[in-house]
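Remarks on the structure that follows.
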Amino acid sequence: MGLGDADITAHAAISMRLIQQDFTTPRRTGDTSRRAPAAQPAAPIDLGILDHMRASVHEIVTHTRAAAPNATPPPADAAAVYAWMDEHTAHLEEEKRQAAQAIVYRQTLEHALKMGDESVVRRHPCPSCGCWGLFWRAAAREAACLNRHCAGPGQPSRTVTLAQLAHQHVAAQETRRATRAT
Ligand SMILES: [Zn+2]
Numbered sequence: 000m001g002l003g004d005a006d007i008t009a010h011a012a013i014s015m016r017l018i019q020q021d022f023t024t025p026r027r028t029g030d031t032s033r034r035a036p037a038a039q040p041a042a043p044i045d046l047g048i049l050d051h052m053r054a055s056v057h058e059i060v061t062h063t064r065a066a067a068p069n070a071t072p073p074p075a076d077a078a079a080v081y082a083w084m085d086e087h088t089a090h091l092e093e094e095k096r097q098a099a100q101a102i103v104y105r106q107t108l109e110h111a112l113k114m115g116d117e118s119v120v121r122r123h124p125c126p127s128c129g130c131w132g133l134f135w136r137a138a139a140r141e142a143a144c145l146n147r148h149c150a151g152p153g154q155p156s157r158t159v160t161l162a163q164l165a166h167q168h169v170a171a172q173e174t175r176r177a178t179r180a181t
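Here numbering that gives the first Met the number 0 is used: the first residue of the sequence shown is 0, the next is one more, and so on.
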């Protein structure tokens, strides 16, 4: 029963769609009373978001093709690549399927952060100490644990990558599924 996989795939597609919409919708400057100087375009194209979308799709396509060389060509729509990946990796052995799911889940976290939602990090327990004190360090692009005992005496804060959070999430989901199945 691949309910969890469907959730992860659908969630990733929704978050990619949000980014697409944000990218294609003209930006509101907030202050409409004062016109922007003519030299500054009113709706600047955020190349960071475009790059982010392209890199995300590229990673999904590359990984899927490596895991399933006979996969059909990927869809043109960026948000549709997750269902495409799911379709072509669902039959693979457990380990490979989970690796694909972890990539998709990590991208969902990356999409949320790209949109300025850092709360997605707090929704995961620290993989090391299990506390709910993770917070996002934007400059370092990593999560850090608030628990000062987590890293050990004299050590800097325990840090966690998004990939680690994604692996933890997918593994926990598999454990729940296995528990339900028995
Ligand atoms: Zn911790």
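Note that the Cβ used here is the ideal one computed from N, Cα and C, for glycine as well.
- ALA82: member of the alpha helix (DSSP H) spanning 80–88, first to last residue.
- For LEU164, the enclosing alpha helix (DSSP H) has its first and last residue at 161–180.
- Distance from the Cα of CYS125 is smallest, within the candidate group PHE134, ALA89, ILE102, for PHE134.
- Comparing C-alpha distances from ALA99 to each of HIS166, PRO68, GLN19 shows the shortest one belongs to HIS166.
- With a threshold of 8 Å, the Cβ atom of GLY132 counts as near ligand 1, since some heavy atom of the ligand is closer than that.
- Of all C-beta pairs linking the stretch 59–69 to the stretch 93–113, three or more are shorter than 8 Å, placing the two stretches in contact.
- Between the alpha carbons of THR107 and GLY151 lies a gap of roughly 31 Å.
- In this structure the stretch 107–123 lies against the stretch 50–57, because at least three pairs of beta carbons, one per stretch, are closer than 8 Å.
- If you check the C-beta of ARG157 against ligand 1, you find a heavy atom less than 8 Å away.
- Going by C-alpha positions, TRP83 is about 23 Å away from ASP21.
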